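Written out below as C-alpha coordinates is the structure these notes cover.
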Amino acid sequence: MTNLTHGDFGIVSTVAADNKFEANVTAIAYDDETLLFLAICGPHESCKAIASSLSLGRSIRYYDQFGRTVQELKPKKGSYQVVGWTRIESISRDSVIIVHRALSTGDAIEESVQKSVEGKPTLVSTEYVYLQVHSDDPDSELKKRAFAHLRTPDYPEWRNYVWESAKREALAKPLYTQHGTNIWKLRLGAEWEEIIQFGLRLKVIPSLREIMGVA
(Lines of atoms letter the chains of each structure in order from A and count residues from 1; the text may use other names and numbers.)
(Lines give C-alpha, C1' and ligand atoms only; values in the text may rest on other atoms or scores of the structure.)
Protein backbone atom coordinates (compact mmCIF):
# COMPACT_ATOMS: atom_id res chain seq x y z
CA MET A 1 0.00 0.00 0.00
CA THR A 2 1.26 3.48 -0.84
CA ASN A 3 0.90 6.16 1.81
CA LEU A 4 0.39 9.80 0.93
CA THR A 5 0.62 11.99 3.99
CA HIS A 6 2.03 15.27 5.15
CA GLY A 7 2.15 17.64 8.07
CA ASP A 8 1.64 21.39 7.84
CA PHE A 9 1.76 24.38 10.12
CA GLY A 10 -1.95 24.13 10.94
CA ILE A 11 -1.99 20.43 11.82
CA VAL A 12 1.40 19.43 13.14
CA SER A 13 2.58 15.84 13.04
CA THR A 14 5.89 14.65 14.46
CA VAL A 15 8.66 12.11 14.05
CA ALA A 16 10.69 10.70 16.90
CA ALA A 17 13.99 8.86 17.31
CA ASP A 18 14.79 6.68 20.32
CA ASN A 19 11.29 7.49 21.70
CA LYS A 20 12.47 10.86 23.02
CA PHE A 21 13.93 13.09 20.31
CA GLU A 22 10.95 14.70 18.55
CA ALA A 23 10.63 17.23 15.74
CA ASN A 24 7.66 18.68 13.88
CA VAL A 25 7.06 17.39 10.37
CA THR A 26 6.52 19.99 7.66
CA ALA A 27 6.59 17.45 4.82
CA ILE A 28 6.88 13.67 4.59
CA ALA A 29 6.61 11.02 1.90
CA TYR A 30 6.92 7.28 2.28
CA ASP A 31 6.06 4.13 0.36
CA ASP A 32 5.00 1.43 2.82
CA GLU A 33 7.87 1.50 5.36
CA THR A 34 10.33 3.20 3.01
CA LEU A 35 10.84 6.86 3.88
CA LEU A 36 11.52 8.94 0.78
CA PHE A 37 11.38 12.57 1.82
CA LEU A 38 11.35 14.21 5.23
CA ALA A 39 11.34 17.89 6.17
CA ILE A 40 11.40 18.62 9.90
CA CYS A 41 11.70 21.58 12.24
CA GLY A 42 12.77 21.17 15.85
CA PRO A 43 15.47 21.50 18.50
CA HIS A 44 19.00 20.94 17.23
CA GLU A 45 19.57 17.77 19.27
CA SER A 46 16.31 16.23 18.08
CA CYS A 47 17.04 16.96 14.43
CA LYS A 48 20.54 15.58 14.87
CA ALA A 49 19.23 12.38 16.50
CA ILE A 50 16.62 11.81 13.78
CA ALA A 51 19.12 12.38 10.97
CA SER A 52 21.60 10.07 12.71
CA SER A 53 19.00 7.32 13.18
CA LEU A 54 18.13 7.37 9.49
CA SER A 55 21.79 7.34 8.50
CA LEU A 56 22.50 4.34 10.75
CA GLY A 57 19.40 2.42 9.68
CA ARG A 58 17.53 2.74 12.99
CA SER A 59 13.73 3.02 12.94
CA ILE A 60 11.91 6.26 13.59
CA ARG A 61 8.23 6.71 14.38
CA TYR A 62 5.83 9.01 12.60
CA TYR A 63 2.95 10.40 14.73
CA ASP A 64 -0.17 12.31 13.73
CA GLN A 65 -1.27 15.57 15.38
CA PHE A 66 -2.98 13.59 18.17
CA GLY A 67 0.16 11.65 19.07
CA ARG A 68 -1.03 8.41 17.49
CA THR A 69 1.53 6.29 15.66
CA VAL A 70 0.87 6.46 11.92
CA GLN A 71 3.84 4.43 10.77
CA GLU A 72 7.12 3.00 11.97
CA LEU A 73 9.65 3.77 9.27
CA LYS A 74 12.47 1.25 8.95
CA PRO A 75 15.34 2.77 6.98
CA LYS A 76 18.17 0.89 5.36
CA LYS A 77 21.62 1.93 6.56
CA GLY A 78 23.36 4.33 4.22
CA SER A 79 20.22 5.08 2.18
CA TYR A 80 19.69 8.69 3.23
CA GLN A 81 21.36 12.04 2.83
CA VAL A 82 20.75 15.45 4.37
CA VAL A 83 20.22 17.98 1.57
CA GLY A 84 19.37 21.00 3.69
CA TRP A 85 20.07 22.15 7.25
CA THR A 86 19.21 25.68 8.37
CA ARG A 87 19.24 27.27 11.81
CA ILE A 88 16.22 29.52 12.46
CA GLU A 89 17.48 31.79 15.21
CA SER A 90 14.17 33.63 15.69
CA ILE A 91 12.53 30.45 17.06
CA SER A 92 15.69 28.60 18.17
CA ARG A 93 14.92 25.68 15.88
CA ASP A 94 16.64 23.83 13.05
CA SER A 95 15.00 23.16 9.69
CA VAL A 96 16.25 19.95 8.05
CA ILE A 97 15.49 18.14 4.79
CA ILE A 98 16.45 14.46 4.40
CA VAL A 99 15.91 12.40 1.25
CA HIS A 100 16.33 8.79 0.18
CA ARG A 101 19.35 8.43 -2.13
CA ALA A 102 17.23 6.64 -4.73
CA LEU A 103 15.12 9.78 -4.99
CA SER A 104 18.09 12.09 -5.51
CA THR A 105 20.04 9.80 -7.88
CA GLY A 106 17.19 8.27 -9.87
CA ASP A 107 18.85 4.84 -9.62
CA ALA A 108 16.64 1.76 -10.02
CA ILE A 109 15.82 -0.33 -6.95
CA GLU A 110 15.14 -4.05 -7.14
CA GLU A 111 12.22 -5.40 -5.11
CA SER A 112 11.42 -9.08 -4.64
CA VAL A 113 7.76 -10.00 -4.18
CA GLN A 114 6.30 -13.45 -3.67
CA LYS A 115 3.54 -14.18 -6.18
CA SER A 116 1.54 -17.20 -7.21
CA VAL A 117 2.72 -18.45 -10.59
CA GLU A 118 0.76 -21.44 -11.94
CA GLY A 119 -0.41 -22.14 -8.40
CA LYS A 120 3.09 -22.14 -6.94
CA PRO A 121 4.58 -19.42 -4.69
CA THR A 122 7.37 -17.79 -6.69
CA LEU A 123 9.75 -14.96 -5.83
CA VAL A 124 9.45 -12.36 -8.59
CA SER A 125 11.90 -9.47 -8.91
CA THR A 126 10.67 -6.04 -9.99
CA GLU A 127 12.66 -2.88 -10.61
CA TYR A 128 11.32 0.57 -9.86
CA VAL A 129 12.52 4.15 -9.66
CA TYR A 130 11.36 7.24 -7.83
CA LEU A 131 11.05 10.47 -9.80
CA GLN A 132 10.88 13.90 -8.18
CA VAL A 133 9.69 16.84 -10.25
CA HIS A 134 8.72 20.40 -9.39
CA SER A 135 5.56 22.38 -9.94
CA ASP A 136 7.14 24.52 -12.64
CA ASP A 137 8.02 21.42 -14.68
CA PRO A 138 5.43 20.81 -17.42
CA ASP A 139 3.58 17.51 -17.49
CA SER A 140 5.53 16.60 -20.61
CA GLU A 141 8.79 16.80 -18.65
CA LEU A 142 7.60 14.15 -16.18
CA LYS A 143 6.63 11.82 -19.02
CA LYS A 144 9.93 12.45 -20.81
CA ARG A 145 11.92 11.57 -17.68
CA ALA A 146 9.75 8.52 -17.03
CA PHE A 147 10.20 7.10 -20.53
CA ALA A 148 13.97 7.61 -20.28
CA HIS A 149 13.98 4.76 -17.72
CA LEU A 150 11.95 2.37 -19.86
CA ARG A 151 12.99 -0.15 -22.48
CA THR A 152 10.13 0.82 -24.79
CA PRO A 153 10.09 3.23 -27.75
CA ASP A 154 9.02 6.76 -26.90
CA TYR A 155 7.02 8.45 -29.63
CA PRO A 156 4.99 11.61 -28.91
CA GLU A 157 2.00 9.99 -30.64
CA TRP A 158 2.04 7.17 -28.06
CA ARG A 159 3.09 9.02 -24.95
CA ASN A 160 -0.27 10.16 -23.52
CA TYR A 161 -1.98 6.80 -24.12
CA VAL A 162 0.87 4.80 -22.57
CA TRP A 163 1.17 7.15 -19.59
CA GLU A 164 -2.55 7.17 -18.77
CA SER A 165 -2.70 3.39 -19.15
CA ALA A 166 0.33 2.99 -16.88
CA LYS A 167 -1.38 5.07 -14.19
CA ARG A 168 -4.50 2.89 -14.37
CA GLU A 169 -2.33 -0.24 -14.05
CA ALA A 170 -0.45 1.31 -11.07
CA LEU A 171 2.83 1.18 -12.98
CA ALA A 172 3.15 4.91 -12.37
CA LYS A 173 1.84 6.20 -9.04
CA PRO A 174 2.05 9.65 -7.45
CA LEU A 175 3.37 9.31 -3.91
CA TYR A 176 3.45 12.82 -2.61
CA THR A 177 2.47 16.37 -3.48
CA GLN A 178 3.08 19.41 -1.28
CA HIS A 179 4.83 22.76 -1.55
CA GLY A 180 5.55 22.32 -5.25
CA THR A 181 7.11 18.87 -4.88
CA ASN A 182 5.82 15.88 -6.80
CA ILE A 183 7.13 12.33 -6.25
CA TRP A 184 6.22 9.37 -8.44
CA LYS A 185 6.96 5.67 -8.15
CA LEU A 186 7.63 4.11 -11.53
CA ARG A 187 7.60 0.31 -11.81
CA LEU A 188 9.75 -0.95 -14.65
CA GLY A 189 9.07 -4.11 -16.65
CA ALA A 190 7.48 -5.74 -19.67
CA GLU A 191 4.03 -4.38 -18.75
CA TRP A 192 4.83 -1.10 -20.53
CA GLU A 193 5.51 -2.93 -23.80
CA GLU A 194 2.26 -4.87 -23.32
CA ILE A 195 0.37 -1.57 -23.06
CA ILE A 196 1.84 -0.47 -26.40
CA GLN A 197 1.02 -3.77 -28.10
CA PHE A 198 -2.54 -3.66 -26.75
CA GLY A 199 -2.97 -0.09 -28.03
CA LEU A 200 -1.68 -1.10 -31.46
CA ARG A 201 -4.06 -4.06 -31.65
CA LEU A 202 -7.01 -1.83 -30.77
CA LYS A 203 -5.71 0.85 -33.15
CA VAL A 204 -6.01 3.55 -30.50
CA ILE A 205 -2.43 4.57 -31.23
CA PRO A 206 -0.86 4.84 -34.68
CA SER A 207 1.43 2.15 -36.01
CA LEU A 208 5.09 2.82 -36.66
CA ARG A 209 4.36 2.90 -40.39
CA GLU A 210 1.75 5.60 -39.81
CA ILE A 211 4.11 7.59 -37.59
CA MET A 212 6.89 7.37 -40.20
CA GLY A 213 4.47 8.23 -43.01
CA VAL A 214 5.08 4.97 -44.81
CA ALA A 215 2.24 3.97 -47.10
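Take the sequence shown: its letter number 35 is residue 58 in this note's numbering, and every next letter is one higher.
All C-beta atoms, glycine included, are put in the ideal place defined by N, C-alpha and C.
The structure displayed is predicted, hence computed values, not measured ones.
Residue burial classification, residue i (beta-carbon count within 10 angstroms, cutoff 16)
| i | result |
| --- | --- |
| THR128 | exposed |
| LEU225 | exposed |
| THR37 | buried |
| SER76 | buried |
| LEU96 | buried |
| GLU233 | exposed |
| ILE218 | buried |
| VAL152 | buried |
| GLN220 | exposed |
| PHE89 | exposed |
| ALA193 | exposed |
| ASP54 | buried |
| THR109 | exposed |
| LEU231 | exposed |
| ALA189 | buried |
| MET24 | With a pLDDT of 36 at MET24, under the threshold of 50, the modelled position of that residue is not reliable, and no figure is offered here. |
| THR92 | exposed |
CB of residue i within 7 Å of CB of residue j, strictly
| i | j | result |
| --- | --- | --- |
| LEU59 | LEU126 | yes |
| ALA195 | TRP207 | yes |
| GLY212 | TYR184 | no |
| TYR103 | ILE83 | no |
| TYR85 | GLN94 | yes |
| THR175 | GLU216 | yes |
| ILE73 | ALA52 | no |
| LYS99 | LEU79 | no |
| PHE170 | ASP162 | no |
Endpoints, the beta strand (DSSP E) within which residue i is located
| i | result |
| --- | --- |
| ASN183 | Run containing ASN183: none in the beta strand (DSSP E); it sits in the alpha helix (DSSP H), 179-191. |
Spatial neighbours of residue i in its chain, beta-carbon cut-off 8 Å, leaving aside the 5 residues before and after
| i | result |
| --- | --- |
| GLU150 | ALA131, ILE132, GLU133, GLU134, ARG210, LEU211, GLY212 |
| ILE111 | CYS64, ASP117, SER118 |
| VAL105 | ALA74, VAL119, ILE120, ILE121 |
Element boundaries [alpha helix (DSSP H), containing residue i]
| i | result |
| --- | --- |
| ALA213 | Unbroken run through ALA213: none, as it is neither H nor E. |
| PRO231 | Checking the sequence shown, residue 231 turns out to be Leu, not Pro. Where LEU231 is concerned, the enclosing alpha helix (DSSP H) stretches over 231-235. |
| LYS226 | Premise fails: LYS226 is in no alpha helix (DSSP H) and is neither H nor E. |
| ARG168 | 162-171 |
Cβ neighbours of residue i in the same chain (closer than 6 Å, five flanking residues each side left out)
| i | result |
| --- | --- |
| ALA62 | THR49, ALA50, ILE120 |
| PRO229 | GLU180 |
| LYS166 | ARG182, TRP186 |
| ASN264 | Residue 264 is absent from the model: the chain starts at 24 and stops at 238. |
| PRO197 | TRP207 |
The ligand ATP heavy atom lying under 6 Å from the CB of residue i
| i | result |
| --- | --- |
| LYS99 | Because no ligand of any kind appears in the structure shown, any question about the ligand ATP cannot be addressed here. |
Close beta carbons around residue i, own chain, < 7 Å, minus the five adjacent residues each side
| i | result |
| --- | --- |
| GLU68 | PHE44 |
| ARG124 | SER102, TYR103, GLN104 |
| LYS71 | none |
Beta carbon proximity, residue i to chain B, threshold 7 Å
| i | result |
| --- | --- |
| VAL156 | Absent here is chain B; the protein component of the structure consists of one chain. |
task = Starting from the N-terminal side, write out each stretch of the beta strand (DSSP E) that is 3 residues or longer and does not extend beyond the stretch 77-149.
result = 83-86, 92-96, 103-111, 116-123, 132-140
query = Taking the runs of the beta strand (DSSP E) that are 3 residues or longer, which of them lie wholly in the stretch 36-77?
reply = 36-40, 44-54, 57-65
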